[in-house]
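Step one of this worksheet: look at the structure below.
Protein chains in written order, with our numbering: chain A, 1 to 461; chain B, 1 to 276; chain C, 1 to 314.
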């Protein structure tokens with residue numbers, strides 16, 4: 001026991017050294033970018049909100065970008081030196097975050113600012129401060145943001161209620177070494193992907209072709225489903241917000257989505273219980289050859305501490321697959337985290353300074369190109385100019401530029417205030433189909449449920 | 001004859017084996033969590049029983065990222081406040097319901113018994129709405145108020161049993177000696193039901209300490225109690241079992257010690273009405 | 001168990017005394033002592049119950065407005081009976097209650113019979129029986145989820161070693177097994193406690209009864225069915241009611257272990273109401289559904305209270 005105690009102290013020493021070196025790294029970066037000033041980041045000069053402590057409701061500080069940004073805005077940070085404001089990032093788990101935000105938005109007084117995932121926002125946009133005037137006053141160039149991001153961050157009247165500060169195109173990750181060994185082409189459509197996955201599974205025993213996630217966890221089983229649905233020209237809701245995902249195109253796309261697991265069996269049978277963490281771990285640990293997921297995982301796949309040795313450096317990326325025979329460019333789901341200010345906040349002006357800082361391209365570039373500590377490295381960046389920045393691309397093997405291309409045509413989930421309820425219906429139904437429920441029958445039933453939700457909410461009679 | 005003895009011995013052997021199985025069933029999950037809390041992240045994903053033990057997980061949960069100590073403080077504060085209100089208020093009411101004869105006594109007792117069956121979800125929404133308008137969400141007081149809704153009726157009902165079981169003669173003797181009711185209560189009755197008071201205190205403590213549903217709804221960041229904080233120990237790969245187990249041990253051990261302490265009354269305590 | 005029994009008998013005792021002590025009890029003091037409790041119970045139980053009863057007749061959705069909307073009569077209640085989600089949760093909770101109550105009784109009884117003899121090993125084992133009950137439900141959920149993980153779960157591997165066809169089985173990935181595992185995590189807590197209660201009750205069966213039956217040539221099984229079980233019946237009845245009530249309140253482990261899945265196969269009533277209120281933000285409807293739960297609980301509580309209060313049942 002004593003020995004292990006010593007051992008753990010040594011480890012602590014190591015951790016402390018690491019932490020120090022991270023700080024040193026960040027400070028170093030700052031130094032390189034000529035020590036940001038209020039002008040570089042478009043912040044107010046003269047520290048008008050000196051001493052303000054903000055509370056920011058967010059999740060997943062394990063994500064590199066959040067880890068870095070929270071350091072850059074916390075106590076003793078660059079942001080605090082410039083503005084006198086510090087922000088405390090509330091690290092709540094992703095599961096349950098949606099409920100927490102909904103409750104907090106409609107009722108809370110604990111937090112000043114919040115970040116949410118696109119589709120959640122419609123339900124509480126009325127509780128958020130419109131930012132248009134502030135954006136105009138500070139000359140923020142909205143054209144630099146993907147339109148899917150801005151759409152997701154606006155209410156139905158076009159008021160922007162959140163600044164995108166983290167966003168992801170869907171990309172396909174694949175094992176370069178496996179593809180090279182088996183002389184495989186990178187699939188461009190889901191249909192090709194399924195065939196390729198079958199080949200891999202045949203020739204590489206112990207490895208599944210593609211990692212999927214069908215578990216009903218915070219809507220994560222919708223990510224790939226929407227890609228297929230939209231790829232085949234289907235949609236979740238029509239222009240009048242009626243469910244149409246059970247039409248012929250929807251059924252076909254959904255059938256394909258389920259067939260990956262049940263008919264072609266090119267994914268782990270356990271994926272019926274997987275969310276994003278389990279699903280990404282499959283490729284991280286070398287158990288799967290492909291995975292379609294958010295681009296930020298690229299940085300995770302290059303972290304030696306998180307990745308199995310034979311996987312490290314062997315994960316390639318390509319735009320998420322489209323649909324065979326589709327005439328248009330693939331439309332995939334672009335997930336975005338807008339950060340907004342609660343109407344209840346007592347510090348809206350300080351919160352705006354904070355949001356400006358974390359969504360600022362210069363700050364984002366600094367974070368995205370910082371690979372001094374691989375455990376918090378993260379290629380995520382939200383503006384086009386950032387995605388095309390040479391330095392950012394050099395640090396991240398060019399994935400930002402690929403993401404920019406995907407984002408040009410990407411779209412967002414339907415913006416309806418009933419989304420949480422609809423998402424519940426969809427994720428449960430998808431999970432049931434992955435467990436063997438008939439696709440057409442289940443989709444029809446789900447559509448009926450969603451129809452009732454929409455009628456109740458007054459979208460139509 | 002020999003056959004019968006053999007049979008009996010075999011029977012005894014089977015009984016011992018079955019008993020060992022019971023011990024396994026009861027204790028194994030606790031032991032396994034204990035072991036997992038000493039494992040490093042690699043060993044925790046295996047069923048290894050022998051491994052290089054480490055205290056890293058314990059230092060991690062008290063480290064800067066998880067800071068379980070603040071959750072322990074909140075949980076303890078809420079539980080102590082709940083007990084501090086539940087026990088005296090409950091004991092006073094239980095005494096009256098046990099000793100005084102007045103109209104409505106039985107219906108009052110019944111009402112108190114029934115309130116224990118009220119599902120938490122029914123009271124959750126009004127509380128939520130109320131605390132929201134009072135700006136009391138995410139305060140320890142809000143949790144204490146809600147916890148009283150189940151600890152108090154329960155304590156009254158349980159303590160009433162203890163008062164009932166106490167012979168009246170003792171109090172009569174005190175009255176004869178010229179003590180008034182309050183003096184009798186203070187110097188005679190209460191000391192005699194002390195075990196019951198302790199038991200009800202422990203039960204109230206445990207139910208507040210373990211409570212999850214209300215804590216999920218009514219806490220945000222300042223008053224996150226232990227059950228919620230355990231849930232938050234997740235990483236990019238899902239639950240971090242080794243740290244979660246360490247936190248679990250910290251949550252579990254005080255209440256296991258407490259239940260050991262009131263072992264004799266445990267069964268009674270539950271049956272008397274604890275529906276929680 | 002014994003306490004309420006004593007209570008009525010003790011309560012009757014003073015009548016036999018010459019001096020009636022309650023005449024010395026001060027009515028003023030009575031209300032001073034009772035007042036705080038009544039006030040607190042009124043504020044923490046009665047008020048919210050009334051409030052949510054009123055809400056259950058309103059249209060109140062936070063996605064529309066933070067303020068309560070108009071009264072809509074019994075619309076919320078009517079909706080519940082055609083709502084697949086609610087009916088499903090009713091079915092899930094019913095099935096869950098059956099499984100968990102049945103298993104708890106069965107295992108509890110088994111353990112009690114096994115441990116009723118006061119040997120050293122048994123006394124030691126009995127002392128351990130109180131532990132699982134006090135374990136935080138959240139932790140019960142996590143530990144069972146951890147131990148039944150198909151890849152690295154110790155229980156999953158043990159089962160896989162015993163029954164090869166269950167190797168790598170997704171315990172939380174199938175409708176029935178997920179509900180069963182949630183029940184197991186709860187049975188683990190409750191059945192040892194039941195065993196303790198049964199051991200207490202078994203102790204009150206006079207040994208002569210069973211001895212006499214043995215002399216008459218009754219087998220162990222016959223003794224159990226004809227003597228032990230009937231004598232235990234009242235205790236079994238009351239603990240089964242208690243467990244039923246607690247089973248209908250299942251929430252914690254569902255949240256931790258399955259989140260209601262796979263599909264909606266473990267969405268218990270509590271979990272469903274939670275989602276209605278705090279995910280769909282439909283406070284009116286959630287209140288109505290929770291009142292349906294109250295009605296259900298009231299029916300069970302009725303039997304419980306009747307048994308607890310009427311002397312002849314004991």
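All residues carry an ideal CB built from backbone N, CA and C; glycine is no exception. Computed from a prediction, not measured in an experiment: that's the story for all the values here.
Suppose you measure from the CA of residue 111 of chain B to the CA of residue 118 of chain C; what does that come to, to the nearest Å? Here residue 111 of chain B corresponds to residue number 111 of the second chain, with the count starting at 1. Here residue 118 of chain C corresponds to residue number 118 of the third chain, with the count starting at 1. Cα to Cα, residue 111 of chain B sits roughly 40 angstroms from residue 118 of chain C.
Return the Cβ separation of residue 255 of chain A and residue 439 of chain A in integer angstroms, given the expectation that the two are a contact with Cβ distance under 8 angstroms. Here residue 255 of chain A corresponds to residue number 255 of the first chain, with the count starting at 1. Here residue 439 of chain A corresponds to residue number 439 of the first chain, with the count starting at 1. 5 angstroms between Cβ atoms; contact.
Comparing the C-beta of residue 299 of chain C with each C-beta of chain B, is any distance below 7 angstroms? Along the third chain, one-based indexing puts residue 299 of chain C at 299. Not one chain B Cβ lies under 7 angstroms of residue 299 of chain C.
In chain B, which residues lie with their C-beta within 7 angstroms of the C-beta of residue 92 of chain A? Along the first chain, one-based indexing puts residue 92 of chain A at 92. Against residue 92 of chain A, the close residues of chain B are 232, in the order they occur along the chain (beta-carbon pairs closer than 7 angstroms).
Taking DSSP's pairing of strands, which residues face residue 91 of chain A in a bridge? Along the first chain, one-based indexing puts residue 91 of chain A at 91. Its beta-bridge partners are A:58.
Contact between the region 173 to 180 of chain C and the region 218 to 225 of chain C: three or more CB pairs below 8 angstroms? no
Per DSSP, what kind of secondary structure is residue 172 of chain A in: helix, strand or coil? Translated into the one-based positions of the first chain, residue 172 of chain A becomes position 172. Here residue 172 of chain A sits in strand by DSSP.
Across the region 343 to 356 of chain A and the region 166 to 182 of chain A, are there enough close Cβ pairs to call them in contact, namely three or more that are closer than 8 angstroms? no
Beta-carbon proximity list for residue 183 of chain C, same chain, < 7 angstroms, skipping 5 on both sides: In the third chain, residue 183 of chain C corresponds to position 183, counting from 1. These residues qualify, in order along the chain: 96, 99, 100, 103.
Going straight from the alpha carbon of residue 436 of chain A to that of residue 262 of chain A, what length do you get? What you label residue 436 of chain A is simply residue 436 of the first chain in a count that begins at 1. What you label residue 262 of chain A is simply residue 262 of the first chain in a count that begins at 1. Roughly 8 angstroms separates the two Cα atoms.
Spell out whether any CB of chain B is found under 7 angstroms from the CB atom of residue 21 of chain A. Numbered from 1 along the first chain, position 21 holds the residue referred to as residue 21 of chain A. With a pLDDT of 44 at residue 21 of chain A, under the threshold of 50, the predicted position of this residue should be treated as unreliable, and no value is reported.
How would you list, in chain order, the residues of chain C whose beta-carbon sits under 9 angstroms from the beta-carbon of residue 449 of chain A? Taking the first residue of the first chain as 1, we reach residue 449 of chain A at position 449. Those within 9 angstroms of residue 449 of chain A in chain C are 84, 85.
Nearest to residue 46 of chain B by CA position, among C:38, C:126, C:148, is which residue? Taking the second chain and counting its residues from 1, the one referred to as residue 46 of chain B is at position 46. Measuring from the Cα of residue 46 of chain B, the nearest candidate turns out to be C:148.
Quick one: Cα of residue 295 of chain C to Cα of residue 249 of chain C, how far? Residue mapping note: residue 295 of chain C aligns to position 295 of the third chain, counting from 1. Residue mapping note: residue 249 of chain C aligns to position 249 of the third chain, counting from 1. Between the C-alpha atoms of residue 295 of chain C and residue 249 of chain C there is a straight-line separation of about 13 angstroms.
Closer than 6 angstroms by C-beta to residue 64 of chain A: which residues in its own chain qualify, once you throw out the five before and the five after it? Chain order, please. For this step, residue 64 of chain A is matched to residue 64 along the first chain. Same-chain partners within the cutoff: 299, 376, 377, 378.
Quick check: is the beta carbon of residue 460 of chain A nearer than 7 angstroms to any beta carbon in chain C? Counting from 1 along the first chain, the entry for residue 460 of chain A is found at position 460. Against chain C, the CB of residue 460 of chain A has no partner CB under 7 angstroms away; the residue lies outside that interface.
Any C-beta of chain A sitting closer than 7 angstroms to the C-beta of residue 138 of chain B? Numbered from its first residue, the second chain carries residue 138 of chain B at position 138. Taking Cβ atoms only, chain A reaches closer than 7 angstroms to residue 138 of chain B, which makes this a yes.
Going along the chain, which residues of its own chain have a beta-carbon closer than 7 angstroms to the beta-carbon of residue 266 of chain A, five neighbours each way excluded? The sequence position of residue 266 of chain A within the first chain is 266, counting from 1. Taken in chain order, the residues that qualify are 194, 197, 198, 201, 208, 209, 210, 260.
Are any of the Cβ atoms in chain C nearer than 7 angstroms to that of residue 161 of chain A? Position 161 of the first chain holds residue 161 of chain A. Closer than 7 angstroms: no.
Any idea what DSSP makes of residue 60 of chain C, helix, strand or coil? Here residue 60 of chain C is taken as the residue at index 60 of the third chain, counted from 1. Note: residue 60 of chain C maps to coil in three-state DSSP.
Cutoff 7 angstroms; reference residue 266 of chain B; Cβ partners in own chain excluding five residues on either side: One-based indexing of the second chain puts residue 266 of chain B at position 266. For residue 266 of chain B, same chain residues with a beta-carbon under 7 angstroms away, outside a window of 5 residues either side, are 259 in chain order.
Find the residues of chain A that neighbour residue 70 of chain C, judging by a C-beta separation of less than 7 angstroms, and give them in chain order. As a first step, residue 70 of chain C is located in the third chain; it is residue number 70 there, counting from the start. Going along chain A, no residue has its Cβ under 7 angstroms from residue 70 of chain C, so there is no contact; the nearest lies around 13 angstroms.
Under 7 angstroms, Cβ to Cβ, is there at least one residue of chain A near residue 180 of chain C? Against the third chain, residue 180 of chain C aligns to sequence position 180. Answer no: the Cβ-Cβ gap between residue 180 of chain C and chain A never drops below 7 angstroms.
For residue 89 of chain C versus residue 126 of chain B, is the C-beta distance shorter than 7 angstroms? Sequence index remark: in the third chain, residue 89 of chain C carries index 89 (1-based). Sequence index remark: in the second chain, residue 126 of chain B carries index 126 (1-based). No, the pair does not count as a contact, with Cβ atoms beyond the cut-off.
If we call anything under 7 angstroms between Cβ atoms a contact, is residue 191 of chain C one with residue 107 of chain C? Position 191 of the third chain, counted from the start, is the residue given in the question as residue 191 of chain C. Position 107 of the third chain, counted from the start, is the residue given in the question as residue 107 of chain C. Contact flag set, yes.
Relative to the alpha-carbon of residue 183 of chain A, which residue among A:204, A:190, A:445 has its alpha-carbon at the smallest distance? Sequence index remark: in the first chain, residue 183 of chain A carries index 183 (1-based). Per the Cα distances, A:204.
Identify which residue in A:84, A:123, A:56, A:304 has its Cα closest to the Cα of residue 44 of chain A. The residue labelled residue 44 of chain A in the question sits at position 44 within the first chain. Taking the Cα of residue 44 of chain A as reference, the smallest distance to any Cα among A:84, A:123, A:56, A:304 is reached at A:84.
Can you name the start and end residues of the beta strand (DSSP E) that residue 63 of chain A belongs to? By 1-based counting over the first chain, the position of residue 63 of chain A is 63. No beta strand (DSSP E) contains residue 63 of chain A, which DSSP labels as neither H nor E.
Classification of residue 257 of chain C by the beta-carbon crowding that lies within 10 angstroms, buried from 16 upward: For the purposes of this step, residue 257 of chain C is taken as the residue at position 257 of the third chain. By the 10 Å Cβ count, residue 257 of chain C comes out buried.
Please state whether the Cβ-Cβ distance between residue 216 of chain A and residue 412 of chain A is less than 7 angstroms. Looking up residue 216 of chain A in the first chain gives position 216. Looking up residue 412 of chain A in the first chain gives position 412. Their beta carbons are not under 7 angstroms apart, which means residue 216 of chain A does not touch residue 412 of chain A by this criterion.
Mind checking if residue 273 of chain A is an interface residue toward chain B, Cβ cutoff 7 angstroms exclusive? Locating residue 273 of chain A in the first chain gives position 273, counting from the first residue. Cβ-Cβ to chain B under 7 angstroms: no for residue 273 of chain A.
Between the CA atoms of residue 86 of chain B and residue 14 of chain C - distance to the nearest angstrom: The residue you call residue 14 of chain C lines up with position 14 of the third chain. The residue you call residue 86 of chain B lines up with position 86 of the second chain. Because the pLDDT at residue 14 of chain C is just 43, under 50, the model does not fix this residue reliably, and the value given afterwards should be weighed accordingly. Approximately 29 angstroms between the Cα atoms of the pair.
Where the alpha helix (DSSP H) containing residue 284 of chain C begins and where it ends: Translated into positions along the third chain, residue 284 of chain C becomes position 284. Taken as a continuous stretch (DSSP letters only), the alpha helix (DSSP H) holding residue 284 of chain C covers 283 to 309.
Outcome for residue 158 of chain C when other beta-carbon atoms lying within 10 angstroms are tallied against a minimum of 16: Position 158 of the third chain, counted from the start, is the residue given in the question as residue 158 of chain C. Flag for residue 158 of chain C reads exposed.
Report yes or no: is there a C-beta of chain B within less than 7 angstroms of the C-beta of residue 197 of chain C? If you number the third chain from 1, residue 197 of chain C lands on position 197. It does: the Cβ of residue 197 of chain C has a partner Cβ on chain B nearer than 7 angstroms.
Any Cβ of chain B within less than 7 angstroms of the Cβ of residue 264 of chain C? Taking the third chain and counting its residues from 1, one reaches residue 264 of chain C at position 264. So, not an interface residue.
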